[in-house]
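Chemist: Before we start, here is the structure in question, set down as structure tokens.
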Amino acid sequence: MSVDAETGPGNRGSRILGDLSGARDVGIAVTSTIVFLAIIVFAIVNSAGWPEVRHAFFDRRIFGDSFPEVARAFLLNVRIFCIAEVVILVVALGIAVLRGLPGPVLFPFRLLAVAYTDLFRGIPTILVIYILGFGAPALQLSGVPRSPFFWGVTALVLVYSAYVAEVYRAGIESVHPSQEAAARSLGLSRAKTLRFVIVPQAVRRVIPPLLNDFIGLQKDSALVALIGPIEAFRQSQIDVAATFNYTPYMATALLFVLLTIPLARLTDWLVARDRRRQSAGVAR
7 MSVDAETGPG NRGSRILGDL SGARDVGIAV TSTIVFLAII VFAIVNSAGW PEVRHAFFDR
67 RIFGDSFPEV ARAFLLNVRI FCIAEVVILV VALGIAVLRG LPGPVLFPFR LLAVAYTDLF
127 RGIPTILVIY ILGFGAPALQ LSGVPRSPFF WGVTALVLVY SAYVAEVYRA GIESVHPSQE
187 AAARSLGLSR AKTLRFVIVP QAVRRVIPPL LNDFIGLQKD SALVALIGPI EAFRQSQIDV
247 AATFNYTPYM ATALLFVLLT IPLARLTDWL VARDRRRQSA GVAR
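The letter at position 138 of the sequence shown is residue 144 when you use the numbering used here, and the numbering goes up by one with no holes.
Below, the structure written as structure tokens:
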């Protein structure tokens with residue numbers, strides 16, 4: 007059966023029209039989204055309570071006065087995030103490896119790993135911060151730090167290590183058993199197989215979900231303020247109490263968004279790159 011030269015899939019005009027049709031669909035979608043958002047904004051700014059809300063949350067003068075102080079305090083959030091992230095990556099990987107160790111002799115280690123992940127995934131982060139932040143220093147044990155910063159970071163590490171360990175475990179289990187069998191047939195020990203074959207592949211596969219967890223960690227760093235450290239959220243509370251205005255909260259929210267968006271876009275880019283690699287592998 008012959009293909010019409012004017013409408014066939016190989017026709018250049020057909021390809022151009024197809025591209026134009028796709029661009030038109032995108033344009034309609036973007037336009038409708040803009041119109042929808044414009045309607046929402048119009049409804050908000052014309053509501054009866056908007057003047058009071060604008061004064062309470064979007065005061066330019068108070069924003070300009072509070073933003074430098076909140077930004078300086080936000081450096082503590084960044085410090086908490088960076089320290090906790092490094093420790094979590096190491097601790098969580100160790101827990102995931104322990105949970106996957108075979109043999110009845112190592113059953114106690116697997117049991118401890120399971121108990122750890124179940125416990126700290128079940129307790130809300132805010133409760134862990136309160137328990138450690140107020141309970142551990144109250145013991146007055148010799149050599150035990152009493153710094154709220156230390157216990158806040160420790161609480162985040164304990165909680166997020168449980169979540170990240172499960173992400174690591176999923177990555178390790180996604181590696182085909184033939185990879186381990188091939189490595190063992192070459193004479194590698196169980197430890198070397200994990201180190202050089204399984205773990206590198208698993209880590210590459212779980213980078214996007216790891217970044218999603220660390221976006222949550224970056225936001226939860228604000229919870230450390232509940233036990234004393236003056237980070238961005240605590241500083242905004244101080245400014246709100248001094249001015250009786252909620253604009254400092256908006257300054258804090260802006261800083262968190264400016265840090266979160268690049269991480270989210272990096273996650274999307276890594277997911278897209280991984281899909282392209284998998285598609286290329288299937289095509290070959």
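Think of the CB as a built atom: it goes at the ideal place given N, C-alpha and C, for glycine as much as any other residue.
In this text the structure is predicted, and so the values were computed from the model without any measurement.
#1: Would a C-beta distance cut-off of 7 Å place ILE178 and ILE137 closer than the cut-off?
#2: Going by Cα to Cα distance, which pick from LEU147, PRO143, GLU172, GLY149 is closest to PHE155?
#3: Could you check which residue in ILE221, LEU194, ARG175, SER227 has the C-alpha nearest to that of ALA208?
#4: Which runs of the alpha helix (DSSP H) fall wholly inside the region 146-228 and span at least 4 residues, in chain order?
#5: Taking contact to mean at least 3 C-beta pairs separated by less than 8 Å, is the region 72-81 in contact with the region 239-247?
#6: On the criterion of 16 or more Cβ atoms from any shown chain inside 10 Å, does GLU12 qualify as buried, or is it exposed?
#7: Can you find a heavy atom of the ligand NAP that lies under 6 Å from the Cβ of TYR174?
#8: In whole angstroms, give me the CA-to-CA distance for GLN284 and ARG211.
#9: Could you please give the first and the last residue of the uninterrupted alpha helix (DSSP H) stretch that includes SER72?
#10: With a threshold of 8 Å on Cβ separation, who are the neighbours of HIS61 within its own chain once the five nearest residues in sequence on each side are excluded?
#11: Do ILE86 and LEU229 have their beta-carbon atoms positioned less than 7 Å apart in this structure?
#12: Just to check my reading of the structure: PHE355 and THR273 have Cβ atoms closer than 8 Å, yes? What is that Cβ distance to the nearest angstrom?
#13: Should PHE80 go down as buried or exposed, given a rule of 16 or more other Cβ atoms within 10 Å for buried?
#14: Can you give the Cα-Cα distance for VAL41 and ALA49, rounded to whole angstroms?
#15: Drop a sphere of 10 angstroms on the beta-carbon of VAL263, count the other beta-carbons inside from all chains shown, and report buried for 16 or more, exposed for fewer.
#16: Short check: CB of THR123 to CB of ALA90, under 7 Å?
Modeler: In brief:
#1: Position 172 of the sequence shown holds residue 178. Position 131 of the sequence shown holds residue 137. Going by C-beta atoms, ILE178 is not nearer than 7 Å to ILE137.
#2: By 1-based counting over the sequence shown, the position of residue 155 is 149. Checked all of LEU147, PRO143, GLU172, GLY149; the closest Cα to PHE155 is PRO143.
#3: The count along the sequence shown starts at 1 and reaches residue 208 at position 202. Minimum Cα distance to ALA208 is reached at ARG175.
#4: 154-180, 183-191, 196-199, 205-226
#5: yes
#6: For the purposes of this step, residue 12 is taken as the residue at position 6 of the sequence shown. Caution applies to GLU12, whose pLDDT of 48 falls short of 50 and renders its modelled position unreliable; the value that the coordinates give is listed next. Burial call: exposed.
#7: Looking at this structure, you won't find the ligand NAP or any other ligand, since it has none at all.
#8: Within the sequence shown, residue 284 is the residue found at index 278, counting from 1. Within the sequence shown, residue 211 is the residue found at index 205, counting from 1. Using only the alpha carbons, I get a separation of about 11 Å.
#9: Translated into the one-based positions of the sequence shown, residue 72 becomes position 66. Here the alpha helix (DSSP H) through SER72 covers 66-105.
#10: Position 55 of the sequence shown, counting from 1, holds the residue named residue 61. Excluding positions up to five away in sequence, the list reads ASN251.
#11: In the sequence shown, residue 229 corresponds to position 223, counting from 1. In the sequence shown, residue 86 corresponds to position 80, counting from 1. Going by C-beta atoms, LEU229 is not nearer than 7 Å to ILE86.
#12: This structure leaves residue 355 out entirely; the chain is present only between 7 and 290.
#13: As a working mapping, residue 80 is identified with position 74 in the sequence shown. The residue is buried, with at least 16 neighbouring Cβ atoms inside 10 Å.
#14: What you label residue 41 is simply residue 35 of the sequence shown in a count that begins at 1. What you label residue 49 is simply residue 43 of the sequence shown in a count that begins at 1. One C-alpha to the other measures close to 12 Å.
#15: In the sequence shown, residue 263 corresponds to position 257, counting from 1. Exposed.
#16: Taking the sequence shown and counting its residues from 1, one reaches residue 123 at position 117. Taking the sequence shown and counting its residues from 1, one reaches residue 90 at position 84. No, Cβ-Cβ distance for THR123 and ALA90 is not below 7 Å.
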